[in-house]
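To start, the structure itself, in structure tokens.
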Amino acid sequence: MPKAGEPLGDFRYRVSDLGFPISEEGMQMVQKLRKEQEKRDQDGKGMFIYNDWNGRGMSELMENFLIDFNKDIFKKTMSHFKKWAYVEGLACFVKSAHLMDWMGNEDGLGVEEIIHMLGVMVLTSFSMLSEHSLFKPDSEVKNIGVMSLLLLEFLHGPATDFDCVWGPEVVRLCDEAGFELDKDLRKQIELTKENLQDMRDLAWIPEDDSSEDGSEKVCYPWDWELEYEQFKMYHEGGNEYDLTNMSEEDREAYTLETKAYARRIGIDSDSEPDPDPDSGSDSDSDSDSDSDSDSDSDSDSDSDSDSDSDSDSDQLNKQE
């Protein structure tokens, strides 16, 4: 770093070992994603609705994110830097967010479709930058390489079990544009040069989408408009998993360690505790005692009655 009082100069374009370069718009996008995730986090709010609530909430969040991107990407009045903020926000979010619930969601196919669409979003953003001559190493957008690596780390790490094929295409396009991804690797990114080379070996080429004899091109697999038109039919987004939309009464009913939660799951927290098991024996003892007492009393009564009967019999004999 420059000494105190020295101009920043080229240091403006360097990345420290303490973090990643991100624009103000990109940071706002990260914060928005985090806030939306918090709204759908039952654990963070001390609640329990069902196991997959957080995972399905994350899918809903990402669907809303893609809906917003679809609205903005073709706006001619919107700055390309603001459009790029979607990629910045996504890259930094998947780097820092807790993704286990999402990756382990029982709707694995739905998660895979969302991740595929996120890849199409990234590649569409590359095309957008290219149209403005900004997809190049000396671009005004200074973090293309780093953001690409963060996304590749996500595919290689948390999303490794999903059939996501857009990673090699990211590497191919970056290589063709002159970005040196190998040099952009740093200790904060859990990716190696070998991982990048593996992706290069798998990169898509035009021949992959041609007919067997090569005479007919089938389609480009990353066309946003075509892919999103199909995607949105099954991924409508919304706010179903936004816990802040629940009524206060419903939130209490699903909040752990509350009386409302106990009543909902069938435990009446206001009921009297079970009596002491020993108290029953005391009662039995008292009952037995009463029974014995009654028995003794009956026995004494019978004895007295017999005695009186004998006495009367003797008196009659004497009179005779």
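By the count of UniProt numbering, the sequence shown reaches residue 320 at its end, each step adding exactly one. Note that CB positions come from ideal geometry on N, CA and C, so glycine has one too.
By the criterion of a C-beta distance shorter than 8 Å, residue 164 is surrounded in its chain by 112, 115, 116, 119 and 155, once the five residues flanking it on both sides are discounted. The shortest C-alpha to C-alpha distance from residue 51 to any of 184, 101 and 187 is the one to 101. By the neighbour-count criterion, in which a residue is buried when 16 or more other Cβ atoms sit within 10 angstroms of its Cβ, residue 267 is exposed. If only complete runs of 4 or more residues are kept, the segment 96–145 shows the alpha helix (DSSP H) at 100–103 and 108–131, in order along the chain. Nearest to residue 128 by alpha-carbon distance, out of 32, 84 and 89, is 84. Where residue 170 is concerned, the enclosing alpha helix (DSSP H) starts and stops at 167–177.
Looking only at 133, 229, 41 and 49, the smallest Cα-Cα distance to residue 256 is reached by 49. Residue pairing for residue 47: DSSP places it in a beta bridge opposite 255.
In its chain, beyond the 5 residues on either side, 73, 83, 84, 86 and 87 have a beta carbon closer than 8 Å to the beta carbon of residue 125.
Looking only at 177, 192, 27 and 203, the smallest Cα-Cα distance to residue 157 is reached by 192.
Contact check between the segment 50–67 and the segment 231–245: three or more CB pairs, one atom from each, fall below 8 Å, which counts as touching. Residue state for residue 156 is assigned as helix, using DSSP reduced to three classes. Contact annotation: residue 93 and residue 33 have beta-carbon atoms nearer than 8 Å. Within 10 angstroms of the beta-carbon of residue 144 lie 16 or more other beta-carbons, which makes it buried.
Inter-residue distance for residue 68 and residue 166 is about 21 Å (C-alpha atoms, whole angstroms). Per the coordinates, the alpha-carbon of residue 230 lies some 33 Å from the alpha-carbon of residue 189. With 16 or more neighbouring CB atoms inside 10 Å of its own CB, residue 169 falls in the buried class. The beta-carbon distance between residue 142 and residue 21, rounded to whole angstroms, is 6 Å. This is short enough to meet the 8 Å contact definition. The Cβ-Cβ distance between residue 159 and residue 199 does not fall below 8 Å. Per DSSP, reduced to three states, the secondary structure at residue 62 is helical.
Residue 241 is not a Cβ neighbour of residue 253, given a cutoff of 8 Å. The C-beta separation of residue 171 from residue 196 comes to about 6 Å, placing the pair in contact by the 8 Å criterion. If you check the CB distance, residue 146 and residue 89 do not come in under 8 Å. Counting the other CB atoms within 10 Å of its CB gives residue 220 a total below 16, which places it among the exposed residues.
Judged by DSSP in its simplified three-state form, residue 89 adopts helix. DSSP places residue 29 inside the alpha helix (DSSP H), whose first and last residues are 24–39. Nearest C-alpha to residue 245 among 57, 76 and 153: 57. DSSP places residue 239 in the coil class of the three-state scheme, outside both helix and strand.
Pairing residue 243 with residue 42 gives a Cβ-Cβ distance under 8 Å.
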